[in-house]
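Here the sequence shown stands for residues 19 to 334, numbered as in this note's numbering.
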Amino acid sequence: MLLRIFFLSFIFLIFCFSNLESSTILLDKVVAIVNKEVITWSDLYKTMEFEATDSVKSLNQNEKRKVFKENEHSFLETMIDMRLQLQEAERKGMSVSKEDVKNAIEMIRKKYGMNKDEFEKTLLQEGFTFKDYEKKLAEQMLINKIVDQEIRNKLIISEGDIDKEINNKRIGRKDFEGFVISIITLPIDVSKEDTEERARLIINKLKAGESFADLAKQYSKDPSARAGGLIGFIKKSDLSPQFLNLLNVLKDGEFTEPIWNDRGLNIVLLNQRRDIKDDNHLRESIRQRLLENAYNREYKSWLKSLRERAYVEIKI
């Protein structure tokens with residue numbers, strides 16, 4: 019999956035501390051120094067809340083705190099990288115205008131159908147003032163801007179690079195053709211008949227127009243349930259002939275009848291079919307894959323160079 023350049027939509031769906039006592043205890047503890055800036059516990063945990071993925075956001079407060087605790091060291095490293103990028107952008111005289119931030123917020127607000135008061139109320143419920151959110155968003159936009167200048171805008175994939183991949187058979191149609199699917203899995207809890215009855219109930223709800231994602235969160239026992247059952251992209255070459263045949267007859271947005279396997283009874287939603295229509299489509303898909311690989315390589319190297327020039331002290 020291509021590295022997400024456009025991050026605005028998911029930033030909005032954040033979960034923030036509800037336990038004020040805990041956040042107060044952590045408030046002034048310095049966990050890292052990055053050049054002349056300090057990172058505190060409250061900075062770290064609030065940023066983890068701000069950047070939380072959908073699967074983490076769906077956890078209850080205790081589970082979420084456990085995930086944060088287990089990942090605080092690795093996320094601190096990420097946060098240090100973020101500070102270094104912001105400092106580099108400032109060193110180069112880069113900035114994001116208030117108008118750009120305002121427009122970005124307007125776009126997010128309109129996407130979720132909220133007026134200004136509703137938007138600010140939602141932010142407060144999630145632990146952010148409007149100014150907090152505005153500042154975080156501006157930082158994300160500035161990082162995106164410096165990365166564009168230093169990395170993305172310098173990447174070039176030639177036709178020769180694409181020919182080389184094709185000729186060496188490192189990438190072909192099989193790497194891009196497949197399906198984006200979601201799944202609801204029902205294990206046998208009481209009896210096979212009871213499981214089939216629950217599956218039929220779900221099928222009826224789907225036919226009545228209920229959301230597959232909502233039903234997955236409610237009924238599915240697969241780990242993907244927290245993300246609305248989303249499995250993601252699966253290559254055709256990785257599927258069994260039986261499963262491939264089932265998906266081949268579906269149109270985007272359609273779902274299968276309940277299917278038994280060794281994990282239980284499954285209902286599969288075809289979100290999107292991805293096919294390579296012609297050689298031009300294949301070449302463009304290869305170009306995007308090569309761009310992604312080049313980006314990851316150059317971005318990692320650039321971050322390493324920022325670290326080597328910086329003073330970084332970790333205190334946890």
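Where a beta carbon is used, it is the ideal one built from N, C-alpha and C, also for glycine. Computed from a prediction, not measured in an experiment: that's the story for all the values here.
For the candidate residues the options, whose alpha-carbon lies nearest to that of residue i?
i, options, result
"S113", "S200, L283, V165", "V165"
"L141", "A312, E67, A226, M159", "E67"
"L283", "D212, T58, K84, D181", "D212"
"H299", "V198, D240, R281, K192", "K192"
"K253", "D240, N279, R292", "R292"
For residue i, collect the residues of the same chain with a Cβ closer than 7 Å to its Cβ; drop the 5 residues on either side in sequence, then sort them by chain order.
i, result
"N53", "Q105, A328, Y329"
"L155", "I29, V119, A122, I123"
Do residue i and residue j have their CB atoms nearer than 7 Å?
i, j, result
"I175", "R305", "yes"
"F251", "G196", "yes"
"L94", "A122", "no"
"K146", "E138", "The question names Lys, yet the displayed sequence has Phe at residue 146. Cβ distance not < 7 Å, so F146 and E138 don't count as in contact."
"G271", "S200", "no"
"L160", "L309", "no"
In angstroms with no decimal places, state the Cα-to-Cα distance between residue i and residue j.
i, j, result
"S242", "T274", "17 Å"
"A70", "N89", "12 Å"
"I206", "V286", "17 Å"
"Q236", "S229", "11 Å"
"I202", "A226", "17 Å"
"Y130", "E136", "10 Å"
"L102", "E157", "12 Å"
"S209", "N311", "48 Å"
"D256", "R307", "19 Å"
"I221", "K82", "31 Å"
"L204", "R281", "8 Å"
Cutting at 6 Å between CB atoms, please list the residues of its own chain near residue i, excluding the five before and the five after it.
i, result
"F194", "I294, S303"
"E183", "I189, I304"
"P276", "A217, L283, I285"
"V56", "V48"
"P259", "none"
"N186", "none"
Among residues of its own chain, excluding the 5 on either side of residue i, which ones have a beta-carbon nearer than 8 Å to its beta-carbon?
i, result
"M97", "A50, I57, D61, L62, T65"
Unbroken stretches of the beta strand (DSSP E), 3 residues or longer, contained in the stretch 162–196:
Qualifying beta strand (DSSP E) stretches: none in this window.
Taking the runs of the alpha helix (DSSP H) that are 4 residues or longer, which of them lie wholly in the stretch 57–89?
59–68, 72–75
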